[in-house]
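Taking it in order: structure first as structure tokens, then the write-up.
Residue numbers (the working numbering): 670 to 866.
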């Protein structure tokens, strides 16, 4: 008879997510994970099979939470479309400032994983692509509404503008990881808004 798990799986996934986020997939050893989680190797393997499966679960947790937060902002009917995009940039800037203060995070786990693994791991690339599609669809929808109501002045295709905004967000996160200060990140977001409105 199998013994019941003696740990909180949600807490383990949260801790694993933060560990991978701070160090990357390749640089996080199984020993690092066991130390961070306070579990022995057999407990980790019994619960998650291996490091890669734990990473996939942690990445999914991150993407679900981050994308849900962004969609909540983009789908807020109480704000005009351009204000929703401004609010999204404000959230990204606030998150990057908080991560820098807390001493971990170093950008965005999704962006970091894209740079580290997407080019050589088709399964991870597909996970990232599906997550991006959700965000891009929401961005394109709000931009399209903004174009129709006049709040977004750019006449470019809404889907192309959505990819632009998504790329700016990724750029902000990479710049933050590289040490850019708040003023520099705010200037990037403001320039992007100028291009939209």
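In this text, a Cβ means the ideal position worked out from N, Cα and C, and glycines have one as well.
(message) Let me confirm a value: residue 779 is counted as buried when at least 16 other C-beta atoms fall within 10 Å, else exposed. Which label applies?
(response) Position 110 of the chain shown, counting from 1, holds the residue named residue 779. That one is buried.
(request) Return the CA-CA distance between residue 727 and residue 781, expressed in angstroms with no decimal places. (result) Here residue 727 refers to the residue found at position 58 of the chain shown. Here residue 781 refers to the residue found at position 112 of the chain shown. When rounded, the separation of the alpha-carbon atoms in residue 727 and residue 781 is 13 Å.
(message) In whole angstroms, give me the CA-to-CA distance for residue 861 and residue 692.
(response) In the chain shown, the residue the question calls residue 861 occupies position 192. In the chain shown, the residue the question calls residue 692 occupies position 23. Computed Cα separation, rounded: 30 Å.
(request) Identify whether residue 853 lies in helix, strand or coil by the three-state DSSP scheme. (result) Position 184 of the chain shown holds residue 853. Three-state DSSP puts residue 853 in a helix.
(request) From the DSSP output, in three-state form, read off residue 821 for me. (result) Start at 1 with the first residue of the chain shown, and residue 821 comes out as number 152. Residue 821: coil per DSSP, three-state reduction.
(message) Among 826, 680, 791, whose alpha-carbon lies nearest the alpha-carbon of residue 808?
(response) For the purposes of this step, residue 808 is identified with residue 139 of the chain shown, where counting begins at 1. Comparing Cα positions, the closest option is 826.
(request) Put residue 866 into one of helix, strand or coil per three-state DSSP. (result) Taking the first residue of the chain shown as position 1, residue 866 is located at position 197. Coil.
(message) Here's the rule I'm using: 16 or more other beta-carbon atoms within 10 Å means buried, otherwise exposed. How should residue 688 be labelled?
(response) Counting from 1 along the chain shown, the entry for residue 688 is found at position 19. Buried, since its Cβ has 16 or more Cβ neighbours within 10 Å.
(message) Using a Cβ distance threshold of 8 Å, determine whether the stretch 746-755 contacts the stretch 803-818, with at least three qualifying pairs required.
(response) Taking 8 Å as the limit for Cβ pairs, the verdict is that the stretch 803-818 does touch the stretch 746-755.
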